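Position in the sequence shown counted from 1, then plus 17, gives you the numbering used here. Every residue, glycine too, gets a C-beta built ideally from N, C-alpha and C. Small disclaimer: the values here were computed from a predicted structure and weren't measured.
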Amino acid sequence: MNTISSLKPNDLTAAYAIEQRSHAFPWSEKTFASNQGDRYFNLRLDVDGEMAAFAVTQVVLDEATLFNIAVDPAYQRKGLGRQLLEHLISELEARDVLTLWLEVRASNTPAIALYESLGFNEATIRRNYYPTKEGREDAIIMALPLG
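Rendered as structure tokens:
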């Protein structure tokens, strides 16, 4: 059974482990820890009591920015990212947030397809934003109007 709840300070070790397994260029522990607190609406998704995914979102007035989302590789391609995002969107709408922003690597076509299927649109491109093993790649900035 899948459950979604708030990501709490005592969840950070497990979430950080998922971060390390999920991203080629993961956040540092310091960055991860600094994206917690009152300005953030952070969620975890558990499968049978084990954390399988998380989302880190900052909310400022009527806008939110999804800073990080990760699904443990052992649980990928099972719809958990979609489930977590749909829950996040619903919760943000209930809080009168009008726009959800995110950025994604241009090479991350599965994520882009997921975001587009949820109604996100490309807003702009940040050239050479992300590091890669070969150099740099673009970030696509996407927005989802809510409400």
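With fewer than 16 other CB atoms across the displayed protein chains lying within 10 angstroms of its CB, Gly54 is exposed.
Rounded to whole angstroms, the separation of the alpha carbons of Glu46 and Gly136 is 32 angstroms.
For a cut-off of 8 angstroms, the C-beta gap from Arg61 to Phe71 is around 5 angstroms, short enough to register as a contact.
In terms of Cβ geometry, Ser134 and Arg112 do not form a close pair [threshold 9 angstroms]. With at least 16 other beta carbons inside 10 angstroms of its own, Leu105 counts as buried. One Cα belongs to Gln75, the other to Phe58, and the distance between them is close to 6 angstroms.
Per DSSP, reduced to three states, the secondary structure at Ser134 is helical. Taking Ala123 as reference, the option from Tyr147, Glu151, Leu117 with the minimal CA-CA separation is Tyr147. For Arg61, the enclosing beta strand (DSSP E) starts and ends at 60–64. Secondary structure of Thr149 (DSSP, three-state): coil. With distances taken between CA atoms, Ala32 lies nearest to Glu67 out of Glu67, Val114, Glu80. Counting along the chain, Ser39 sits inside the alpha helix (DSSP H) bounded by residues 29–39.
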